[in-house]
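K.L.:
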Amino acid sequence: MKKLLIIAVAVMAIFAMSVPAMAVSPSTYTFDMAARMLTDIGWQSRSGEMTNSGNDVGSWFVNMPGHSYLRARFYSVDKNVGGRIELGLASLQPSATVSLRYAYGYWRVGKCRILAGQTDNWFGSLAYHVRQYVGLNENSHLLLFGWGFLWPHRVPQVQFTYNTDNWGVQFALEEPRNKGTWAGATNVDTTFILPRMSLTFMFKYGAFMTHPGILCVKHDYEAGAGASDESWDTLAIVLPVKFTAGAFTLKFQGHWGKNFATEIPFYSTAWTGPVLNGSNVEDTTVMGAVLAGEYQIGKLMITAGAGYENWSNDTWATNDEITRWGAFVAVPYQFTKNFGIHPEFSYYKYGDNPQTGSDMGNEWLLGVQFRFVF
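Residue numbers (my numbering): -14 to 359.
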């Protein structure tokens, strides 16, 4: 794995230096490199409902979470054409991985931009994310994803954006993440009546900003002999709000939709997907919200937030809904421009199993993230 990391860094550096010779004159574009190296150290505790032994279990962890990265950005001299390549770096021994985070190019014409490649977009924008950082490799906790905050992840897409200083609109045609079928279905061909699409608006006024949007994808299934053809949708509507007044920032995101499983990452594949009930597909409704505040005092920040999720489906045996919530408090401190630490405590309540009515447990993490950003 060490060799793979060295090769990845070398390839990016060689590519960045050799592009002028292979493609265009060096005077027609510029580029820059950036990196983020993060390391978590902390303690994770899970209640007996979540363990194999049936007892509460706690354990130390030290790892490099997967939102560490190596980045290269390219710009034409007039800044109207550009691109970005970013590799994610993660280490949770005995394995370490390199993944693709971003790879896209764009062209600006006046107030319009056309972009093609792998990226996220305005829908579920990370401009509204809460500062909950510790524990990505420990049960995938990051930014309260799936615990009140919806983020559709980076996928290959073609997007068109028109924006001014105060408002804008963006449409994206995207690759679906969920290309499979429901559990247990056989002899089924998956097609898409409508591919994944998102439409998002932007409004800014003084200290206020919002990006309301809608995402949808429609799956169709051609079934074999003796089975019925079915179709189902993944739909998500999101309303984020950000308000900044001096040293204080308030962030909110609310969402509603159906059948998030796999298409929207960090949501339970067991409880947020459609359910095949006989020959009919029953949608699972998903709604939630997250609220967080941040207060900056020089190099120190005090921040806290909480998220809530409610998932419901009429086919579940005992209860027709799951309610779960998570919360965190953190006190990040920035020693220098390039180095800071992020102490954090977070707690997660998983709610009751809708099939049995039994408690699915709780979990808490206490840790510190060391953050080197260049």
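All residues carry an ideal CB built from backbone N, CA and C; glycine is no exception.
It should be emphasised that the depicted structure is a prediction, and the values quoted were computed from it without experimental measurement.
Can you give me the C-alpha to C-alpha distance between Glu267 and Phe59, rounded to a whole angstrom?
P.N.:
Using only the alpha carbons, I get a separation of about 47 Å.
K.L.:
In whole angstroms, what is the alpha-carbon distance linking Tyr89 and Asn65?
P.N.:
About 14 Å.
K.L.:
Are Lys96 and Thr149 touching if we call contact CB-CB under 9 Å?
P.N.:
Closer than 9 Å, so yes.
K.L.:
By the DSSP assignment, the beta strand (DSSP E) with Gly273 in it spans what residues?
P.N.:
First-last of the beta strand (DSSP E) with Gly273: Thr270 to Ile282.
K.L.:
Determine, using beta carbons only, whether Gly191 and Phe108 come nearer to each other than 9 Å.
P.N.:
No. Outside cutoff.
K.L.:
Indicate the three-state DSSP secondary structure (helix, strand or coil) for Gly33 in the structure shown.
P.N.:
Helix at Gly33.
K.L.:
By Cβ distance below 8 Å, which residues in the same chain neighbour Phe177 in space, the five residues on each side in sequence not counted?
P.N.:
Contacts found: Pro161, Val202, Lys203, His204 and Asp205.
K.L.:
To the nearest angstrom, how far is it from the Cα of Arg21 to the Cα of Gly165?
P.N.:
If I take the Cα positions, the gap works out to 34 Å.
K.L.:
Roughly how many whole angstroms lie between the Cα atoms of Tyr335 and Tyr318?
P.N.:
Taking the straight line from one Cα to the other gives about 30 Å.
K.L.:
Apart from the five residues just before and just after Met345, which ones in its own chain have a Cβ nearer than 7 Å to its Cβ?
P.N.:
Taken in chain order, the residues that qualify are Glu34, Tyr335, Gly336, Asp337 and Asn338.
K.L.:
How would you label Gly43, buried or exposed, when you count the other beta carbons within 10 angstroms and need 16 or more for buried?
P.N.:
Per the 10 Å Cβ criterion, exposed.
K.L.:
Only counting the same chain, and skipping five residues up and downstream in sequence, which positions put a Cβ closer than 6 Å to that of Asn347?
P.N.:
Ser32 and Lys334, listed in sequence order.
K.L.:
Judging by CA-CA distance, which residue of Glu306, Trp92, Ala291 and Leu224 is the nearest neighbour of Gln340?
P.N.:
Out of Glu306, Trp92, Ala291 and Leu224, Glu306 has the C-alpha closest to the C-alpha of Gln340.
K.L.:
What ranges does the alpha helix (DSSP H) occupy inside the stretch 190 to 268, keeping only unbroken runs of at least 4 residues that lie completely in it?
P.N.:
Counting only runs of 4 or more, we get nothing.
K.L.:
If you draw a straight line from the C-alpha of Arg86 to the C-alpha of Leu72, how long is it?
P.N.:
One C-alpha to the other measures close to 5 Å.
K.L.:
If you draw a straight line from the alpha carbon of Thr247 to that of Leu135, how long is it in whole angstroms?
P.N.:
Using only the alpha carbons, I get a separation of about 13 Å.
K.L.:
So for Tyr113, helix, strand or coil by DSSP?
P.N.:
Tyr113: helix per DSSP, three-state reduction.
K.L.:
So who's on the other strand from Tyr333, going by DSSP bridges?
P.N.:
Its beta-bridge partners are Gly311 and Glu348.
K.L.:
Excluding the five sequence neighbours on either side, which residues of its own chain have a C-beta within less than 6 Å of the C-beta of Leu224, listed in chain order?
P.N.:
Only Pro197 and Gly239 meet the Cβ criterion.
K.L.:
Helix, strand or coil for Thr13? Go by DSSP, reduced to three states.
P.N.:
The answer is helix: DSSP assigns Thr13 an H, G or I state.
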